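Everything below concerns the one structure shown next.
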Amino acid sequence: MKKIFKIFPVSFFLILFLFSEHIHSKEIYVVCDEPKGQRIDYETRGKNWKNIDDGFSNSFPTFVYKSDNPEVLNTHWPAGNPLNLDPDEIEKIVSGQATEKILTINDDLIESIQTGGTNTWITRLYPKKGIGVFLRHGYYLDESLYFGAVYKSNCDFNIIDETSNNLKSSNDLLNLEEIELNNLNVVTAVDNVDKNEVSVCRIRNVTLAEDDKGVQMFGFLELLFVHSKKTKIFNDEPGYGITISSSLSNASKNNDDELEYDILTGYSTIQIGEAFFDFNDYLLETSEGVKEEAFRRMVPYMRSLFINENNKKIVAQFGQAMNIALQISSGLQDINVNYWTPDPVLRDQNQNVKNAGVYDIKLEFQKEKIEEVSACLMKAYVSGFSYLTELNNSN
Numbered sequence: 062m063k064k065i066f067k068i069f070p071v072s073f074f075l076i077l078f079l080f081s082e083h084i085h086s087k088e089i090y091v092v093c094d095e096p097k098g099q100r101i102d103y104e105t106r107g108k109n110w111k112n113i114d115d116g117f118s119n120s121f122p123t124f125v126y127k128s129d130n131p132e133v134l135n136t137h138w139p140a141g142n143p144l145n146l147d148p149d150e151i152e153k154i155v156s157g158q159a160t161e162k163i164l165t166i167n168d169d170l171i172e173s174i175q176t177g178g179t180n181t182w183i184t185r186l187y188p189k190k191g192i193g194v195f196l197r198h199g200y201y202l203d204e205s206l207y208f209g210a211v212y213k214s215n216c217d218f219n220i221i222d223e224t225s226n227n228l229k230s231s232n233d234l235l236n237l238e239e240i241e242l243n244n245l246n247v248v249t250a251v252d253n254v255d256k257n258e259v260s261v262c263r264i265r266n267v268t269l270a271e272d273d274k275g276v277q278m279f280g281f282l283e284l285l286f287v288h289s290k291k292t293k294i295f296n297d298e299p300g301y302g303i304t305i306s307s308s309l310s311n312a313s314k315n316n317d318d319e320l321e322y323d324i325l326t327g328y329s330t331i332q333i334g335e336a337f338f339d340f341n342d343y344l345l346e347t348s349e350g351v352k353e354e355a356f357r358r359m360v361p362y363m364r365s366l367f368i369n370e371n372n373k374k375i376v377a378q379f380g381q382a383m384n385i386a387l388q389i390s391s392g393l394q395d396i397n398v399n400y401w402t403p404d405p406v407l408r409d410q411n412q413n414v415k416n417a418g419v420y421d422i423k424l425e426f427q428k429e430k431i432e433e434v435s436a437c438l439m440k441a442y443v444s445g446f447s448y449l450t451e452l453n454n455s456n
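Numbers given in this note's numbering equal positions in the sequence shown, counted from 1, plus 61.
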């Protein structure tokens, strides 16, 4: 299936990411409807998954941004009130007032984070779509239950004294084509290792898919989680490292009957329901130093993230990575990997902008490996949020 989107022909980097900071409004006021969504619970003792409809009855979250304090989003999220009690009395018991650190703000997205105790909230407000998507995850102090949740609301945006840059251009509009590929075959490899106080979870997934014309492509995705409290790993320090690698390729066999990959792109994003995740803030690394030749042929570069006592600034990105691990592990939602072409990192492919497109591949795993994938990613999630809590409590 193909979808055509009209977008304005600014630089292709902006077309792909839509994340440059060009909103400079003095004040933004947002009022949202009752958030509704789903929560995923994982009971550690029985190793049971539960998928629960969840929401906040009679609660209407509000958000205020002011340019004189550009790093903060002021929020008021009243507690759920299914019995329709006096809101002022509830507010005296559980205050809904909070401040969140802004991560991204532009015409398309306002994103912020709030952490406290064993809970993390991530707010994503989409002005052009008129919706808010809210991620929450954490665990009980006795570690008997870990949970993650996604909520959605319709929201009203009121922007006062707006001076945001206008992306419109007098040039012709570009066609951004979204192509949904059909999965033909999936091969999955799982490494779930605990050794010498280092915990490793690595998932490698290769999907053979085709478009509606029968053109076949290989979609590759690797998720690597490494946690060490004492042993030096990334940057010669202990901590928690995450690496994400991907590619979309045409493949053919050479004279030696070996697969050769014509890489279309190494840039991807992940979509889970309404939530959209990119990895632009991750460190970009070439794959040339990887020992495995097959990996180097298939993957042009990798994106990595590392958090420890000396590097806490990327806590939001780390929390998002943990949310991805939880959502994939549960297997309760459809997840798509979006491969963007031409690749903004591979400069020699950036010339043919009019062929810009997004190839969507549903994330599926080899049937025999599904339980291994779930156990591996759940371990990464539990280990990651336990470590994040330790870092928060060490302040």
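Here a beta-carbon is modelled for each residue, glycine too, at the ideal position from N, C-alpha and C.
Computed from a predicted structure; not experimentally measured.
Nearest CA to the CA of residue i: which residue from the options?
i    : options                   : result
D168 : G191, N119, N246 and D395 : G191
H137 : L170, Y103, P131 and Q175 : Q175
S173 : G209, V376 and V434       : V376
E88  : I166, E283 and G392       : I166
Y187 : F337, E353 and M383       : F337
G327 : F195, N315, L452 and V398 : V398
K428 : D421, W401, G392 and V443 : G392
P405 : K352, S329, E95 and A441  : S329
L206 : L196, C437, L387 and Y420 : L387
I389 : T402, T347 and A441       : A441
Y200 : L242, G178 and N119       : G178
T347 : N341, R364, D339 and F340 : R364
G107 : N135, I183, W182 and E204 : E204
E283 : V251, I240, A312 and R185 : V251
Grouping DSSP H, G and I as helix and E and B as strand, with all else coil, what is residue i?
i    : result
T450 : helix
E349 : coil
Y187 : strand
E239 : strand
S118 : coil
G438 : According to the sequence displayed, residue 438 carries Leu and not Gly. L438: helix per DSSP, three-state reduction.
G199 : strand
V259 : strand
E432 : helix
G468 : In this structure the chain extends from 62 to 456, so residue 468 is not present and cannot be described.
G327 : coil
V443 : helix
K274 : coil
N167 : coil
L407 : coil
K97  : strand
K373 : coil
N109 : strand
N311 : strand
N316 : coil
Taking residue i as part of the alpha helix (DSSP H), name the residues at either end of that continuous run.
i    : result
L387 : V376 to S391
R358 : E354 to M359
Express the C-alpha separation of residue j and residue i in angstroms, rounding to a whole number.
i    : j    : result
E258 : E271 : 42 Å
M439 : W110 : 11 Å
L344 : F379 : 13 Å
Y212 : I385 : 15 Å
F446 : A382 : 11 Å
G334 : N316 : 43 Å
V360 : S128 : 41 Å
L424 : I396 : 6 Å
D114 : Q99  : 5 Å
S289 : E104 : 24 Å
P131 : F117 : 28 Å
F356 : V287 : 19 Å
Y126 : Q332 : 26 Å
F281 : S307 : 5 Å
K97  : G350 : 46 Å
E353 : R265 : 13 Å
P299 : S310 : 35 Å
D273 : I422 : 13 Å
Can you round the beta-carbon distance between residue i and residue j to whole angstroms, since I take them to be within the 8 Å contact cut?
i    : j    : result
N215 : C93  : 7 Å
V194 : I163 : Contact flag wrong, Cβ pair sits at about 16 Å.
V261 : V267 : The Cβ separation is near 20 Å, so there is no contact.
N302 : L366 : Contrary to the premise, residue 302 reads as Gly rather than Asn in this sequence. At roughly 7 Å, the Cβ-Cβ gap stays under 8 Å, so G302 and L366 are in contact.
T304 : K430 : With a Cβ gap of about 20 Å, T304 and K430 do not count as contacting.
Y400 : R358 : Actually they do not touch by this definition, with Cβ atoms about 17 Å apart.
The beta strand (DSSP E) spanning residue i covers which residue range?
i    : result
E172 : I171 to G177
T249 : N243 to K256
L134 : V133 to H137
T105 : Per DSSP, T105 belongs to no beta strand (DSSP E) and is neither H nor E.
V419 : G418 to K423
V91  : E88 to C93
E5   : Limits of the chain in this structure are 62 at one end and 456 at the other, which puts residue 5 out of reach.
G209 : L206 to I221
Q394 : Element bounds for Q394: n/a, residue is neither H nor E.
F57  : Past the boundaries of the shown model lies residue 57; the chain is included only from 62 to 456, so the question cannot be answered.
N340 : First, the residue type needs correcting, since residue 340 is Phe and not Asn in the sequence shown. Unbroken run through F340: none, as it is neither H nor E.
L366 : Y362 to I368
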